[in-house]
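Residues -8 to 373 (this note's numbering) make up the sequence shown, in order.
Where is the CB? At the ideal position from N, CA and C, for every residue including glycine.
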Amino acid sequence: MICYFDNAASTKPYDEVVSFYALQASRNYANPSALHSFGSEAARAVEYAKGEVLKLYKFENHEVIFTSGATESANLAIKGTMEKYSDISNSQMIITDIEHPCVSETADYIEKLGAKVIRLSGDEKGKIDPEMLKSLVNRQTKLVSIIWVNNETGIIQDIEGIISAVKSANPSALVHIDATQGFGKIEGNLAKADMVSISAHKFHGLKGIGALIYKKNLTFSPQILGGGQQNNLRSGTVNSPLIASLGKTCELTDIRAVYSKLTDLKAYLTEKLTLLFSADCINSGAEGYSPHIVSLSFPGLKGEVLVHMLEEKEIYVSTSSACSAHKKTKTVLSALGFDKARIEGTLRISLSDFNTFEQIDILADALEKSVNTLTSLKKGKA
C-alpha cells in the first residue's frame, strides 16, 4: 500500500478534477480571446473558474489573475506592487523571517532595487504579534506580505489581526497573504486582504495553475508583457482548460469537512508519535497549527536517511519544504532557533483527506523501526 504523507508539497488531484480537465482540454481548445462563439465558450470556462475561486472564501470585491502557481502570484503581488513606485528607495516592505522562498527571495530582489525590507520575527513558534507589526508600519510602508500557514511547521498566523493592525497604522499600505498552504483546508477571512496567492495542486487540483486574488481597485506593474490578456496584467494566451480545472477544484472543496478530517487524522498521528517517542519530538502541536502538517525532530539522526528508509516501504514523507529541499540550510527552522542537530533530524509529515487511520498505523510502525535501527547503528559506531 502506498502511504503518501507529503501533501504540503503536492496533493493527489481529485478524480473529478482530472476528468473535468480532460473534457475541457478536448472540447474548449479555442482561444478565449477569439471573437467567434467557440472562443466565447472557452471564455465562459474562465469566468466559471473565477466565480468558483471567489466563492470559496466569499470574496466580493476582488478580481482574479490566473497564474502558473503561487510562486508567480507572489512575484506579481510583490514586484507588481513595489516596482510601480518611482521612489522605490523611499519605500518600505515588511515580511516575516519564516516566509516561503517565493516571498523571501522576491523581497531580496526588491531590496536590491533600493527598497527597505524589514524581516519580522515572531515568538518561539513563529507566531507574529499584530501589535509588534503595527509598530513597524509607517508612511513609507507600501506592502506587507505574510504567509498564512507556514509550509514547514504549519503555524497559522492571525491574518485578520495582522490586516487590521497594518490598516490602522497606514490605510494605504497593501497586505498580501501567501495562502498556499491554508487555502481549501482551513477557514479564514481572506476577503479582507488586498492580495492572496494560491496554488491548485496544494488542495487536490492540478499543477501549473494558481491565482492571484486581488481587490478590484488595485493596479500592478505587469511582469509579463504581450497581448494584454487578463486586464493587461498577465499577457499570454489564457489556458482555459487548466483554469477551469481550478474552478472545479474549488467547487468540490468543502473546507469544513476537510478541516474536520485532517484534525482527526493529526490528533491520531500525534498521539501515536507521543506514545512511541515523546511529545518533545513534535514541533507542531494542535493549538495554533494547521491540521495537515506535523513537524517532528530526532536530534542526532539524519532526517534525509529516515526519508529514504520509509521510501523503501512505499511511505513518503519529507524533511522540509520541497521548494527549498536542495538548499543547505532550512531557514524557517533556523529562524525558530532550532540547533543544527534538531534541524538535520527533522521530518515533515503532511496529511490530506485521502489519508486514512490505517495508513497512519503503517507509518508509525515503520517510523519506529527506522528510528530504532538508526539509533542502534549510531550506538554501534560510538
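Check Val135 in the structure and name its three-state DSSP category. strand
Using the C-alpha atoms, what's the distance from Lys252 back to Ile146? 18 Å
Return the CA-CA distance between Thr72 and Ile153, expressed in angstroms with no decimal places. 19 Å
Kindly indicate which residue of Ser325, Gly30 and Gly217 has the alpha-carbon position closest to the one of Asn274. Ser325
How about Val55 and Ala202: are their beta carbons less than 7 Å apart? yes
Over the uninterrupted beta strand (DSSP E) stretch that includes Ala202, give me the two end residues. Gly201 to Lys206
On the DSSP letters alone, give me the boundaries of the alpha helix (DSSP H) that Leu165 sits inside. Unbroken run through Leu165 is the beta strand (DSSP E), Leu165 to Asp169; no alpha helix (DSSP H).
Based on the DSSP secondary-structure assignment, which residues constitute the bridge partners of Thr87? Leu111
What residues in its chain sit with their C-beta under 6 Å from that of Lys319, if we drop five residues either side in the sequence? Because Lys319 sits at a pLDDT of 49, beneath the cut-off of 50, its placement in the model cannot be relied upon, and the following sentence gives the value as read from the coordinates. Correct list: empty, nothing qualifies.
Would you kindly work out how many angstroms separate the C-alpha atoms of Val308 and Thr144, rounded to a whole number? 14 Å
May I ask you to verify whether the stretch 8 to 28 touches the stretch 227 to 234, counting CB pairs closer than 8 Å and requiring at least 3? yes
Could you check the C-alpha separation between Cys272 and Pro290 for me, to the nearest Å? 9 Å
Can we say the stretch 117 to 131 touches the stretch 151 to 166, given the rule of at least three CB pairs closer than 8 Å? yes
Nearest-angstrom beta carbon gap, Met84 and Lys133 [assumed within contact, 8 Å]: 6 Å
Sheet register partners of Thr58 (DSSP bridge): Gly201
Check for me: the beta strand (DSSP E) holding Thr337 runs from which residue to which? Thr337 to Ser341
Comparing alpha-carbon positions, which option in Ala156, Asn161 and Gly196 lies nearest Gly175? Gly196
Counting beta carbon pairs with one atom in the stretch 211 to 227 and one in the stretch 82 to 99, are three or more of them shorter than 8 Å? no
Please determine, among Asp114, Glu43, Phe11 and Asn129, the residue with the shortest C-alpha to C-alpha distance to Asn81. Asn129
Output yes or no for whether 7 Å exceeds the beta carbon distance between Ser341 and Ile284. yes
Hey, which unbroken runs of the alpha helix (DSSP H) at 4 residues or more fall wholly within the stretch 17 to 68? 28 to 47
For Lys75, which residues of its own chain have a beta-carbon under 6 Å away from its beta-carbon, when the five flanking residues on both sides are left out? Ser212
In chain order, each beta strand (DSSP E) run of at least 3 residues that lies wholly inside the stretch 214 to 293: 284 to 288
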